[in-house]
Amino acid sequence: MAAATLAGRRLLPAGAAYALPLVAFMLLAFNLPIVLMLGWSIGAPPDVLAHYGQILERAVYLKVLGNTFRIAAIATLVCVLLGYPLAYWMRSLSPGRQLLAVALVVLPFWVSILVRTYAWIVILGNDGLVNRSLQGLGLSGAPVSFLYNQFGVVLGTANVLLPFLVLPLFAAMLKLDDRLLQAAASLGASRRTIFWRVFFPLTLPSLAAGAILVFILTLGFFITPAILGGGRVPMIANMLDLLINRLPRWELAAAISTVLLVLTLACYAAYRWVGTRSQP
Amino acid sequence: MAGRIERAAAVRSTRPAADGSAAARRADEGVLARYALALFAGAVVLFLCLPIAVVVPMSFSSASSLEFPPPGFSLRWYQSFFGDPRWLRAAGNSALIAFASSASSLALGSIAAYGLVRGTFRGRAILEGNFVAPLILPPVITAVALYIFFARIGLLGTLPGLIVAHTVLTVPYVVLLMSVAIRSFDVRIEQVAYSLGASWLRMFRSVLLPNLWPSVLAAWIFAFIISFDEVIVTLFLAGAYDTIPKRMFNELILQVNPTITAIATLLIALSVITIGLVAWLMQRAGVLGRTLG
Chain A
1 MAAATLAGRR
11 LLPAGAAYAL
21 PLVAFMLLAF
31 NLPIVLMLGW
41 SIGAPPDVLA
51 HYGQILERAV
61 YLKVLGNTFR
71 IAAIATLVCV
81 LLGYPLAYWM
91 RSLSPGRQLL
101 AVALVVLPFW
111 VSILVRTYAW
121 IVILGNDGLV
131 NRSLQGLGLS
141 GAPVSFLYNQ
151 FGVVLGTANV
161 LLPFLVLPLF
171 AAMLKLDDRL
181 LQAAASLGAS
191 RRTIFWRVFF
201 PLTLPSLAAG
211 AILVFILTLG
221 FFITPAILGG
231 GRVPMIANML
241 DLLINRLPRW
251 ELAAAISTVL
261 LVLTLACYAA
271 YRWVGTRSQP
Chain B
1001 MAGRIERAAA
1011 VRSTRPAADG
1021 SAAARRADEG
1031 VLARYALALF
1041 AGAVVLFLCL
1051 PIAVVVPMSF
1061 SSASSLEFPP
1071 PGFSLRWYQS
1081 FFGDPRWLRA
1091 AGNSALIAFA
1101 SSASSLALGS
1111 IAAYGLVRGT
1121 FRGRAILEGN
1131 FVAPLILPPV
1141 ITAVALYIFF
1151 ARIGLLGTLP
1161 GLIVAHTVLT
1171 VPYVVLLMSV
1181 AIRSFDVRIE
1191 QVAYSLGASW
1201 LRMFRSVLLP
1211 NLWPSVLAAW
1221 IFAFIISFDE
1231 VIVTLFLAGA
1241 YDTIPKRMFN
1251 ELILQVNPTI
1261 TAIATLLIAL
1271 SVITIGLVAW
1281 LMQRAGVLGR
1291 TLG
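In order, the protein sequence lines correspond to chains A and B.
Heads up: the first sequence runs through residues 1 to 280, numbered per my numbering.
Heads up: the second sequence runs through residues 1001 to 1293, numbered per my numbering.
Structure (structure tokens):
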């Protein structure tokens, strides 16, 4: 009996063999291309950082980088302000209603981001529902430009990314031990005190983790700024599209991708660090 | 988890029983605050679901503008989708790429997940990190890297290239889902099979697969949908190939075409059906609770 187990183990040492096919595939189709891209971003020997220098010299690139960060920060703030109360409210529901609420939050998660972005054109576009109603009611003469500006991009981004913040936050709130709140109440704390001194500090790490996740995802956003920004609110990803597909400047695209890669990894390290603290 | 919720409910219902007028006033404020919170939360849920709630009725509109509510019922936008060979070709490509890439990432990913969960070798965390990396990196980075790589080896604008790219993008989901499923399966049952003389393949076929098939199917559907909806990497790599999301994106950039509402509704229906299927399968596998923690 033991011999058979041993034979099975010896055939496939410690289980590493199972991972081999995927390791080979990923090395070839993912890691190698990333390394090649890093290679493209490096200039000819005397001036190794030439392409990175170009990013700093040209105002356009710095503007797009700044733009991306500003939109990511605003969208993250909007998600926090909308998501925390929603998760807090969901926690107070009965289990059956909680399931329904989770389903409603997850549903958009599953619908193509193109569809969700397109819907905002239907709702807020110059010829959309809101503008038609405003004009129909005589409240405004000319269509109000909700879209094709920063507001439109932030709105669309927050709409797409809100579930990423709400779901983990809600899960963390459910895990929170109620006896802590009861202990505070039994010591005479008011409801407000319990929230601000006990509940909020305990859920803050999860909120921070969710916020960083939204921030990371916004940094690489492409579709929403392209459609709801109407080319007027370019973000890093849209610039990369331009550099690769319109005016072939691969070296510059590789350098900008590398910058984005480093930023993302740095944010992700922060996310993991905050995540380990949110474990009870 | 359920026990804790019930406990919480019990505590909440006993709390207002505190006596004194100050406590009563506080309870009143509490009720008001709770209504305000419910109102706000309801508005946020509406904000989340509004896009879906608007697009579906629009797709049945008889108007060629974005009139809402639609002036009449018609299927003209569905006709314009199903009557257009370019849309149908795009749908065919999308289905083919999604099928091929989800099948290959399922095969590669499940077996690798088995190695990660059951293996005892060093560096498992690093491997898992590498497998999940395409999920964490912005897709546009993967797109740029694959564009440069494919351009060099002649895979740019080819079907095999797109399938390889979509496999890279769907592998993380398969690895994550299957790891959870395999971890939740008692390893002693596998050991019993080995001790009865079964080879790994035999154990896999007779023990693992019959027990894990709901998770396998769920992971496959998940990977299929991720691939079917993929836009960014496809935009960079597809060349002359059209997929549904790529065509939608290019149309949306140019103009507002109500045909998109019909396609959007079809995609929503596909998502709802598959999410229902996946939820049902995961519940069968008992994975859902474990995934949510």
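A virtual CB, placed ideally from N, CA and C, is assigned to each residue, including glycine.
Query	Result
Against chain A, which members of the segment 1222 to 1244 of chain B pass a CB distance test of less than 8 angstroms?	Ile-1225, Asp-1229, Val-1231, Ile-1232, Leu-1235, Phe-1236
Show which residues of chain A have a CB atom less than 7 angstroms away from the CB atom of Met-1058 of chain B.	Val-122
Alpha carbon to alpha carbon, what distance is there between Leu-167 of chain A and Val-102 of chain A?	8 angstroms
Could you name the residues of chain A that Ala-1264 of chain B contacts, counting a contact when the two beta carbons are closer than 7 angstroms?	Val-115, Tyr-118
Short of 6 angstroms in beta carbon distance, which residues of its chain neighbour Leu-134 of chain A, apart from the five on each side in sequence? Order them along the chain.	Ser-140
In the segment 256 to 269 of chain A, which residues sit with their C-beta less than 7 angstroms from some C-beta in chain B, listed in chain order?	Ser-257, Leu-260, Leu-261, Thr-264, Tyr-268
Does DSSP put Ser-1080 of chain B in a helix, in a strand, or in coil?	helix
Going residue by residue through the segment 1031 to 1112 of chain B, where are the continuous beta strand (DSSP E) segments of at least 3 residues, counting only ones entirely within it?	none
Report the option in A:Leu-260, A:Trp-273, A:Arg-246 whose CA atom is closest to the CA atom of Ala-209 of chain A.	A:Trp-273
Counting only Cβ-Cβ distances shorter than 7 angstroms, please list the residues of the segment 1138 to 1157 of chain B near chain A, keeping chain order.	Pro-1138, Pro-1139, Val-1140, Ile-1141, Val-1144, Ala-1145, Leu-1146, Tyr-1147, Ile-1148, Phe-1149
What does the alpha-carbon distance come out to for the pair Ala-1063 of chain B and Pro-1070 of chain B?	7 angstroms
Going by the CB atoms, is the gap between Phe-30 of chain A and Ala-1145 of chain B shorter than 9 angstroms?	yes
Let me know the secondary structure DSSP gives Thr-1158 of chain B once reduced to three states.	coil
Check distances from the C-beta atoms of the segment 101 to 114 of chain A to those of chain B and list, in chain order, the residues that come in under 8 angstroms.	Ala-101, Leu-104, Val-105, Val-106, Leu-107, Pro-108, Trp-110, Val-111, Ser-112, Ile-113, Leu-114
Spell out whether any CB of chain B is found under 9 angstroms from the CB atom of Ile-236 of chain A.	yes
Can you grab the Cα-Cα spacing for the pair Ala-282 of chain A / Tyr-88 of chain A, in whole Å?	Since the first residue shown for chain A is 1 and the last is 280, residue 282 of chain A is missing from the structure and cannot be characterised.
For chain B, find out if any of its Cβ atoms is closer than 9 angstroms to the Cβ of Arg-249 of chain A; answer yes or no.	no
At a Cβ threshold of 9 angstroms, is Trp-196 of chain A touching chain B?	no
Where are the alpha helix (DSSP H) runs, 4 residues long or more, that stay fully inside the segment 45 to 84 of chain A, in chain order?	50 to 57
Can you give the Cα-Cα distance for Leu-124 of chain A and Asn-131 of chain A, rounded to whole angstroms?	7 angstroms
Against chain A, with Cβ distances strictly below 9 angstroms, would Ile-1260 of chain B count as a contact?	yes
Let's test the definition: count the other Cβ atoms within 10 Å of the Cβ of Trp-1220 of chain B and tell me whether it reaches 16, buried, or not, exposed.	buried
Leaving out five residues on either side along the sequence, give the residues of the same chain with a beta carbon under 7 angstroms from the beta carbon of Tyr-288 of chain A.	A question about residue 288 of chain A goes unanswered here, because the residues of chain A that appear run from 1 up to 280.
If you measure from the beta carbon of Ser-140 of chain A to each beta carbon in chain B, is any gap under 9 angstroms?	no
Under 8 angstroms Cβ to Cβ from Ser-1206 of chain B, same chain only, skipping five residues before and after it: list those, please.	Ala-1193, Ala-1198
The alpha helix (DSSP H) that contains Arg-116 of chain A, what's its start and end?	113 to 124
I need the DSSP call for Pro-1138 of chain B, collapsed to helix, strand or coil.	coil
Exposed or buried, which one is Pro-967 of chain B when buried takes at least 16 other CB atoms within 10 Å?	The structure shown does not extend to residue 967 of chain B, since chain B is modelled only from 1001 through 1293, so no value can be given for it.
Looking only at its own chain, which residues have a Cβ that is under 7 angstroms from the Cβ of Val-144 of chain A, when we skip the five neighbours before and after it?	Asn-131, Leu-134
To the nearest whole angstrom, what separates the beta carbons of Met-1178 of chain B and Ser-1227 of chain B, a pair I think is in contact under 8 angstroms?	Wrong, their Cβ atoms sit about 17 angstroms apart, outside the cutoff.
For a contact defined as C-beta to C-beta under 7 angstroms, what are the partners of Leu-1032 of chain B on chain A?	Residues of chain A passing the Cβ test: none, with the nearest at roughly 12 angstroms.
Are the CB atoms of Ser-257 of chain A and Met-37 of chain A within a distance shorter than 9 angstroms?	yes
Is there a C-beta anywhere in chain A that falls below 9 angstroms from the one on Leu-1108 of chain B?	yes
Check whether the segment 1243 to 1255 of chain B and the segment 1116 to 1132 of chain B touch, using three or more Cβ-Cβ pairs below 8 angstroms as the test.	no
Taking the alpha-carbon of Ala-1240 of chain B as reference, which of B:Gly-1157, B:Ile-1253, B:Leu-1135 has the nearest alpha-carbon?	B:Gly-1157
Could you give the residue range of the alpha helix (DSSP H) that holds Gln-1255 of chain B?	It is not in any alpha helix (DSSP H) - Gln-1255 of chain B carries neither H nor E in the DSSP assignment.
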